[in-house]
Amino acid sequence: MTRASLYDRVAEEAASVVIHRYSTSFALASKLLDSGARQHVENIYALVRLADEIVDGEAAAAGLTAADAASQLDALERETRHAMATGYSTNLIVHAFALTARETGFGDELTTPFFASMRTDLSATQHDEASFDSYVYGSAEVVGLMCLGAFLLGHQYSPEQLARLQSGARALGAAFQKVNFLRDLSADFRELGRSYFPGIRVDSFTEADKNRLLDDIDNDLKMSAAVIPHLPAGSRRAVVLAQRLFAELASRLRATPASRLVSTRVRVPTAIKLRIAAGAALGRTSKT
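Written out as C-alpha cells, the structure reads:
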C-alpha cells in the first residue's frame with residue numbers, strides 16, 4: 017500500500033464514522049449500497065454534516081459569533097474547492113469528499129449552491145418562495161445529484177434517461193429537506209429563530225398549513241419513487257429504504273395534530289426503521 021492510498025483510506029474511514037454517528041436512517045440506507053457507491057455517499061454526507069455543524073451546531077456551542085462561523089464556512093468552501101482541483105486536503109473529511117467529486121465528475125456547479133445555502137442560515141430567518149426554492153436546491157437537491165453521480169459510476173444512460181434520474185434525485189433531496197423542516201418546526205423557530213416555509217407562522221400553525229406542506233412533500237416522494245426502478249441495481253435498495261423511511265416520517269407527521277408539531281419532534285421508532293430496512297434489503301416492493 018502506498019502512502020497516498022493509505023491516506024485516502026484513512027480519510028474515507030473518517031468520513032464513514034460521521035454518517036454512522038449522526039444519522040441512523042442514512043447509515044441504514046448506506047449499508048444497502050454496493051461498496052463503491054457506499055463509500056462515495058458516506059464521503060458526501062460527511063462534508064455536508066461538517067458544513068451543517070458550522071451553521072447549526074458546534075460552532076455556536078463553542079461560542080463563535082455569526083461572523084466567526086461565516087469565516088469558518090468560507091474557509092471550508094475554499095479548502096473544498098482547492099481539494100477538488102488538486103486531489104488533496106489536510107482536512108480528512110474534505111479530502112474524502114474531493115476523492116468522490118473527482119471520481120464522479122462533479123465540481124463547483126454543485127458545491128457553490130450548497131455553500132450558498134449553508135451561508136444563508138447564518139443570516140436569513142425567513143424565506144419567500146424564491147429564496148426557499150433556492151435554499152432547498154442548494155442544501156438538498158444538489159446533494160441528491162452528488163449521490164446520483166456515485167450511483168451511476170460505470171453505467172451508461174442516454175441524455176433523456178439521465179435527465180429523468182436527475183429530476184428524481186432532486187425531488188428526493190427536496191422531500192428529505194422539507195420533511196426535516198416540518199419535523200424540526202418548533203426547534204428551528206424557538207432555538208434558531210428560523211422559519212423556512214414561506215408564509216408559515218409557527219405561533220399560528222394550522223392543520224391546513226400542515227396538510228398543504230405534506231401534500232407537497234408527498235408529491236416530491238411520488239416523483240422520486242417513479243425513477244427508482246431505473247437506478248442501477250447496486251443502489252436501488254438503498255434509495256428505496258431512504259424513501260420509505262422519510263415517507264413513514266411524513267405519515268407520522270400527518271397523523272400528529274398541528275398544535276403538537278409546534279412543541280414536539282416526531283420520530284420513527286428504531287424498531288420500525290429496522291422493519292422497513294429488512295423489507296428493503298429483501299427487495300420487497302410493498303411498504304409493509
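Counting from 1, position 264 in the sequence shown corresponds to residue 280 in this note's numbering; the numbering is continuous, with no gaps. The beta carbon of each residue, even a glycine, is placed where N, CA and C say it ideally should be.
Status (buried if at least 16 other CB within 10 Å, exposed otherwise) for residue i
i, result
"residue 298", "exposed"
"residue 157", "buried"
"residue 114", "buried"
"residue 96", "buried"
"residue 227", "exposed"
"residue 256", "buried"
"residue 198", "buried"
"residue 165", "buried"
"residue 195", "buried"
"residue 78", "exposed"
"residue 4", "Because the chain is modelled from 17 through 304, residue 4 falls outside the range shown and cannot be assessed."
"residue 178", "exposed"
"residue 6", "Nothing can be reported for residue 6: it is not among the residues displayed for the chain, which extend from 17 to 304."
"residue 74", "exposed"
"residue 290", "exposed"
"residue 81", "exposed"
"residue 58", "buried"
"residue 93", "buried"
C-alpha gap between residue i and residue j, whole angstroms
i, j, result
"residue 202", "residue 171", "43 angstroms"
"residue 305", "residue 154", "Outside the modelled stretch of the chain, which goes from 17 to 304, sits residue 305, for which no answer is possible."
"residue 152", "residue 213", "10 angstroms"
"residue 188", "residue 61", "15 angstroms"
"residue 245", "residue 251", "10 angstroms"
"residue 239", "residue 126", "21 angstroms"
"residue 149", "residue 186", "12 angstroms"
"residue 193", "residue 265", "12 angstroms"
"residue 139", "residue 159", "22 angstroms"
"residue 116", "residue 48", "19 angstroms"
"residue 230", "residue 35", "27 angstroms"
"residue 284", "residue 235", "21 angstroms"
"residue 38", "residue 29", "15 angstroms"
"residue 182", "residue 215", "29 angstroms"
"residue 200", "residue 280", "8 angstroms"
"residue 25", "residue 107", "13 angstroms"
"residue 124", "residue 249", "29 angstroms"
"residue 76", "residue 275", "29 angstroms"
"residue 307", "residue 50", "No information on residue 307 is available, as it lies outside the stretch 17 to 304 that the chain covers here."
"residue 309", "residue 21", "With the chain covering only 17 through 304, there is no way to say anything about residue 309."
"residue 209", "residue 253", "37 angstroms"
"residue 173", "residue 288", "35 angstroms"
"residue 175", "residue 222", "43 angstroms"
"residue 237", "residue 267", "12 angstroms"
"residue 128", "residue 220", "35 angstroms"
"residue 87", "residue 100", "20 angstroms"
Neighbourhood of residue i by C-beta distance below 8 angstroms, restricted to the same chain and skipping five residues each side
i, result
"residue 169", "52, 53, 56, 119, 120"
"residue 242", "184"
"residue 89", "67, 70, 71, 131, 134, 135, 138"
"residue 122", "161, 162, 165"
"residue 218", "201, 202, 205, 206, 211, 278"
"residue 98", "105"
"residue 43", "35, 36"
"residue 85", "70, 71, 75, 76, 138"
Cut-off 7 angstroms between Cβ atoms - residues of its own chain near residue i, not counting five sequence neighbours on either side
i, result
"residue 272", "282"
"residue 142", "211"
"residue 167", "53, 247, 248, 251"
"residue 225", "216, 274"
"residue 33", "none"
Beta-carbon gap between residue i and residue j smaller than 9 angstroms
i, j, result
"residue 262", "residue 191", "yes"
"residue 110", "residue 161", "no"
"residue 40", "residue 286", "yes"
"residue 2", "residue 31", "Because the chain spans 17 through 304 in this model, residue 2 falls outside it and cannot be assessed."
"residue 27", "residue 83", "no"
"residue 233", "residue 260", "no"
Closer than 8 angstroms: residue i CB and nearest the ligand ATP heavy atom
i, result
"residue 227", "For the ligand ATP, the structure offers nothing, since it holds no ligand at all."
Other residues of its chain near residue i: CB distance less than 6 angstroms, five sequence neighbours each side excluded
i, result
"residue 295", "none"
"residue 23", "none"
"residue 270", "230"
"residue 145", "214"
Cβ of residue i within 9 angstroms of any chain C Cβ
i, result
"residue 180", "No chain C appears in the structure shown, which is made up of a single protein chain."
**Contiguous alpha helix (DSSP H) assignments of at least 4 residues, all confined to the segment 73-143** = 74-77, 82-102, 108-120, 124-136
**Prompt:** Which runs of the alpha helix (DSSP H), 4 residues or longer, sit entirely within the segment 181-254?
**Reply:** 201-208, 223-241
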